[in-house]
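*Asks:* Below is one structure. I have some questions about it.
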Ligand SMILES: NC(=O)c1ccc[n+]([C@@H]2O[C@H](COP(=O)([O-])OP(=O)(O)OC[C@H]3O[C@@H](n4cnc5c(N)ncnc54)[C@H](OP(=O)(O)O)[C@@H]3O)[C@@H](O)[C@H]2O)c1
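In our numbering, the protein residues as written are 15 to 243.
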């Protein structure tokens, strides 16, 4: 079964719908956005992933129904500011959600995966870890942290048929990537992408299917960026 954090919007929401269409059992989480998921609320849990106790209680409450778990850690936030002007609380919040929050979920699900000797964890990192734009220090730091976390978890858990990989997403035509980018700048950005277009979420889905099916890919970071390097 698939567990998707941050499934109320953007890429996570798309993946939720896609797996549901494929008749795969899927549960999602949201934090503040219910708009657009009203019809699926039976399979959604409201969780702030930065709240360790809440994450622990949620996983405990669903534990008996979890089998062959594939965990997609989509939940994330961004904060744009030059580092020298950054609001320290907003900067820390990005690390808290993207890195610590993701770990809170993993920390509670890994023991179940280890008991069941099967698991897939896919963390959502970003192209800005290798190709930053100005103003993304918190986001880039949090996403680079996820890559280290991914590789560390892969070596700890490979013997239990658990793989942990990261997706390094470029600019998708859905979700936060282009949220704050004005239309004219979007065209300029697109012209820099060798593929000449933004990522379709279907391509994220295809990559996830590959990672689910391919146990020998472990501790990897897969770039999905249309050749933007
Ligand atoms: N879209 C892109 O182009 C792109 C590029 C590179 C990387 N990524 C990464 O891909 C992932 C998905 O991105 P997206 O574009 O789909 O983002 P998005 O549309 O902004 O959605 C983010 C999701 O994260 C959830 N979330 C935020 N704070 C949370 C918290 N404290 N606890 C639990 N959930 C929380 C949101 O829930 P609520 O709305 O319910 O609060 C929402 O469902 C993110 O990790 C992002 O960094 C995206």
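Glycine included, each C-beta is placed from N, C-alpha and C at the ideal position.
Predicted model, so just to flag it, every value in this text is computed and none were measured.
#1: Confirm, please, whether the CB-CB distance from residue 238 to residue 162 is below 9 Å.
#2: Nearest to residue 232 by alpha carbon, out of 160, 188 and 165?
#3: Confirm the yes/no value for this check: CB of residue 47, any heavy atom of ligand 1, distance under 8 Å.
#4: Pick from 44, 64, 62 and 65: whose alpha carbon is nearest that of residue 55?
#5: Buried or exposed: where does residue 177 fall if 16 or more other Cβ atoms within 10 Å of its Cβ makes it buried?
#6: Quick check: what's the CA-CA separation for residue 116 versus residue 87?
#7: Could you give the DSSP three-state label for residue 141: helix, strand or coil?
#8: Mind the definition here: the stretch 152-160 touches the stretch 104-124 only if three or more C-beta pairs lie below 8 Å; say whether that holds.
#9: Nearest to residue 81 by alpha carbon, out of 131, 26, 205 and 72?
#10: Could you please give me the residues that DSSP links to residue 133 through a beta bridge?
*Replies:* With the structure as the only source:
#1: As a working note, residue 162 is residue 148 in the chain shown. As a working note, residue 238 is residue 224 in the chain shown. Going by C-beta atoms, residue 162 is not nearer than 9 Å to residue 238.
#2: Start at 1 with the first residue of the chain shown, and residue 232 comes out as number 218. Comparing Cα positions, the closest option is 165.
#3: Stepping through the chain shown from its first residue, residue 47 is reached at position 33. Correct: residue 47 has its Cβ closer than 8 Å to ligand 1.
#4: Taking the first residue of the chain shown as position 1, residue 55 is located at position 41. The shortest C-alpha separation from residue 55 is found at 44.
#5: By one-based count along the chain shown, residue 177 stands at place 163. Counting Cβ neighbours within 10 Å, residue 177 comes out buried, since at least 16 surround it.
#6: To locate residue 116, count along the chain shown from 1; it is residue 102. To locate residue 87, count along the chain shown from 1; it is residue 73. For residue 116 and residue 87, the distance between alpha carbons rounds to 6 Å.
#7: In the chain shown, the residue the question calls residue 141 occupies position 127. Here residue 141 sits in helix by DSSP.
#8: yes
#9: Taking the chain shown and counting its residues from 1, one reaches residue 81 at position 67. Closest option to residue 81, Cα to Cα, is 131.
#10: As a first step, residue 133 must be located in the chain shown, where it is residue number 119. Residue 133 pairs with 176.
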